[in-house]
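Contents: one structure, followed by commentary.
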Amino acid sequence: MTNAVNVGIAVQADWENREFIANISLNIRRLFDFLLQFEATTKSKLASLNEKLDVLEHRLEVLEVQVSSVNTAMLY
Amino acid sequence: MEKGKDSRDSTAAISTVPLTKTPSKQSGEDECEEDRFHNALLELKDLRSQLYHAADYCETAFSKAEQKKMILEGTKSYICEAIVAVVDHLGNVSSKLEQSLLANTAVGQTEQRIDCLKQRLLTCQQYAVSLELSSMQLSLKFPRHHEHYVSPVTQHIEKSRDLSRPGESETPPKKDHMAAMAHSLKSCASDCFLPASNQTILGVQLAKVAPVVKGPSVLPRSRNPSIKFKPEDLYMLGGVYQKKKPMQVNNILSFLRVSKRKT
Numbered sequence: 001m002t003n004a005v006n007v008g009i010a011v012q013a014d015w016e017n018r019e020f021i022a023n024i025s026l027n028i029r030r031l032f033d034f035l036l037q038f039e040a041t042t043k044s045k046l047a048s049l050n051e052k053l054d055v056l057e058h059r060l061e062v063l064e065v066q067v068s069s070v071n072t073a074m075l076y
Numbered sequence: 001m002e003k004g005k006d007s008r009d010s011t012a013a014i015s016t017v018p019l020t021k022t023p024s025k026q027s028g029e030d031e032c033e034e035d036r037f038h039n040a041l042l043e044l045k046d047l048r049s050q051l052y053h054a055a056d057y058c059e060t061a062f063s064k065a066e067q068k069k070m071i072l073e074g075t076k077s078y079i080c081e082a083i084v085a086v087v088d089h090l091g092n093v094s095s096k097l098e099q100s101l102l103a104n105t106a107v108g109q110t111e112q113r114i115d116c117l118k119q120r121l122l123t124c125q126q127y128a129v130s131l132e133l134s135s136m137q138l139s140l141k142f143p144r145h146h147e148h149y150v151s152p153v154t155q156h157i158e159k160s161r162d163l164s165r166p167g168e169s170e171t172p173p174k175k176d177h178m179a180a181m182a183h184s185l186k187s188c189a190s191d192c193f194l195p196a197s198n199q200t201i202l203g204v205q206l207a208k209v210a211p212v213v214k215g216p217s218v219l220p221r222s223r224n225p226s227i228k229f230k231p232e233d234l235y236m237l238g239g240v241y242q243k244k245k246p247m248q249v250n251n252i253l254s255f256l257r258v259s260k261r262k263t
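Just so you know, the sequences run in chain order A and B. Reminder that position 51 of the first sequence reads as 51 in our numbering, one-by-one numbering, no gaps. Reminder that position 260 of the second sequence reads as 260 in our numbering, one-by-one numbering, no gaps.
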């Protein structure tokens, strides 16, 4: 009878430990998922910003060349 | 007895594993924000190695000790404190990164460069649009014919149309008046002027090239129906009235007679 009680207590403690480990692992996984997502979004936003800046610079160069050509054509 | 001593030592060792809960404030006041951010990152990396070392120590102590329950409880509490410390370090790193970004002048300079590029693009576009508009205005060439080659009927009709445009209130009597005037002008022209038919002189169609008569107007006066055109008057309108001066005097006298009779 006492052995059965001891076994029941041990099983209950084992389940409590398992629950604790599951909670800890779940929270750590959530934390690292958030960190990975943050890294990915930051990288993508920085890449899009870099691309936009490149496009802007190219457009500006093209427009400056067009304006200079028009100015030379107007002079002659 | 030795095993019991080992278990007590292991629990004491777990509880004395160094855990930097709060980030160290070794950096001085004069240290720039970027260095602080790098120091926070280094502390986070050191924490990782500490956690690995503590996990190995707990595993060995749990396998060697007899009173495993105590070691288990100590490990649980250590895990909770480690998670809290990791989150605290992450917050510290993010705040240091934000401060370094705010303090860094490169970000502000980049924003200013972007604004400058936008303004330059806008001015270039406005300049291009203005140039395009000016070129379009210069390219428009309206056809201009010499006054001599413009038909008088069309001239009168266009003038009357121009006069009737501003109000845009065309009434049927006006239209009838215009049509009657145009018809009378056509009939007079066909009677008086030479190139009224589709005759060809040296291959040139004369009907399309009607000369403009400079002199008194040919318009009939509809208000006084008693006064009518006579063939003699049309000679006067044809530009030959200098040769027919006696005829002109007779016509004026007859006009005066008619007006006297009426009065």
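Backbone N, C-alpha and C fix where the C-beta goes; we use that ideal spot for every residue, glycine too.
Chain A contact residues for residue i, given Cβ-Cβ distances below 7 Å
i, result
"LEU101/B", "Per Cβ cutoff of 7 Å: no residues; LEU101/B is ~12 Å from chain A at best."
"ARG120/B", "LEU60"
Rounded Cβ spacing between residue i and residue j (contact assumed at less than 8 Å)
i, j, result
"GLN286/B", "GLU33/B", "Here chain B comprises residues numbered 1 to 263, so residue 286/B is not present and cannot be evaluated."
"VAL70/A", "LEU131/B", "6 Å"
"ARG36/B", "LYS118/B", "With a Cβ gap of about 34 Å, ARG36/B and LYS118/B do not count as contacting."
"ASN23/A", "LEU72/B", "Not confirmed; about 15 Å, so no contact."
"LEU47/B", "VAL86/B", "6 Å"
"ILE83/B", "ILE9/A", "No, ILE83/B and ILE9/A are not in contact; Cβ-Cβ is about 28 Å, not under 8 Å."
"LEU121/B", "LEU60/A", "6 Å"
Inter-residue Cα distance where the pair is residue i and residue j
i, j, result
"VAL93/B", "ASN39/B", "9 Å"
"SER27/B", "VAL65/A", "Below a pLDDT of 50, predicted positions are generally treated as unreliable, and SER27/B, at 45, falls in that range; the measurement from the model is reported next regardless. Distance between the alpha carbons of SER27/B and VAL65/A: 51 Å."
"SER135/B", "MET74/A", "11 Å"
"SER254/B", "HIS145/B", "42 Å"
"LYS43/A", "THR105/B", "21 Å"
"THR57/B", "LYS68/B", "Sequence check: residue 57/B is Tyr here, not Thr. Whole-angstrom Cα-Cα distance: 14 Å."
"ARG30/A", "VAL129/B", "54 Å"
"ASP33/A", "SER48/A", "22 Å"
"VAL150/B", "GLN137/B", "26 Å"
"SER68/A", "LEU102/B", "39 Å"
"HIS89/B", "ALA40/A", "20 Å"
"GLY91/B", "HIS53/B", "23 Å"
"PHE20/A", "GLN50/B", "22 Å"
"GLU66/B", "THR60/B", "12 Å"
"ALA55/B", "LEU46/A", "37 Å"
"ASP14/A", "SER63/B", "17 Å"
"GLN37/A", "LEU41/B", "19 Å"
"VAL5/A", "GLU81/B", "33 Å"
"GLN12/A", "VAL107/B", "57 Å"
"LEU35/A", "THR2/A", "49 Å"
"GLN109/B", "ASN50/A", "15 Å"
"MET70/B", "SER25/A", "21 Å"
"PRO143/B", "THR72/A", "31 Å"
"GLU147/B", "ARG257/B", "39 Å"
Residue i: contacting residues in chain A (beta-carbon distance under 9 Å)
i, result
"LYS307/B", "Outside the displayed span of chain B (1 to 263) sits residue 307/B, for which this structure offers no information."
"ALA128/B", "LEU63, GLN66, VAL67 and VAL70"
DSSP-derived helix/strand/coil call for residue i
i, result
"VAL150/B", "coil"
"GLU132/B", "helix"
"HIS38/B", "helix"
"GLU51/A", "helix"
"CYS116/B", "helix"
"HIS58/A", "helix"
"GLN67/B", "coil"
"VAL7/A", "helix"
"ASN27/A", "helix"
"ARG144/B", "coil"
"ASN71/A", "helix"
"ASN92/B", "helix"
"CYS58/B", "helix"
"CYS32/B", "coil"
"ASN17/A", "helix"
Proximity test, residue i beta-carbon vs the ligand ZN heavy atom, cut-off 7 Å
i, result
"LEU51/B", "As for the ligand ZN, it is missing from this structure, which has no ligand bound."
Proximal chain B residues relative to residue i, where beta-carbon distance stays under 9 Å
i, result
"ASN17/A", "LEU72 and LYS76"
"ILE24/A", "LYS76, ILE79, CYS80 and ILE83"
Partner residues on chain B for residue i, Cβ-Cβ distance less than 7 Å
i, result
"VAL70/A", "LEU131"
Neighbouring residues, chain B, relative to residue i (Cβ below 8 Å)
i, result
"PHE20/A", "LYS76"
"LEU56/A", "ILE114, LEU117, LYS118 and LEU121"
"ILE28/A", "ILE83"
Neighbour flag for residue i against chain C, beta carbons, 8 Å
i, result
"CYS58/B", "No chain C is present in this structure, whose protein chains are A and B."
Within chain A, partners of residue i - CB distance below 8 Å
i, result
"CYS32/B", "In chain order: nothing, as chain A lies at least about 22 Å away."
(request) Could you say if the segment 117 to 128 of chain B and the segment 65 to 82 of chain B meet the contact criterion of at least three C-beta pairs nearer than 8 Å? (result) no
(request) Kindly confirm or deny that the segment 50 to 65 of chain A and the segment 102 to 118 of chain B touch, where touching means at least three C-beta pairs closer than 8 Å. (result) yes
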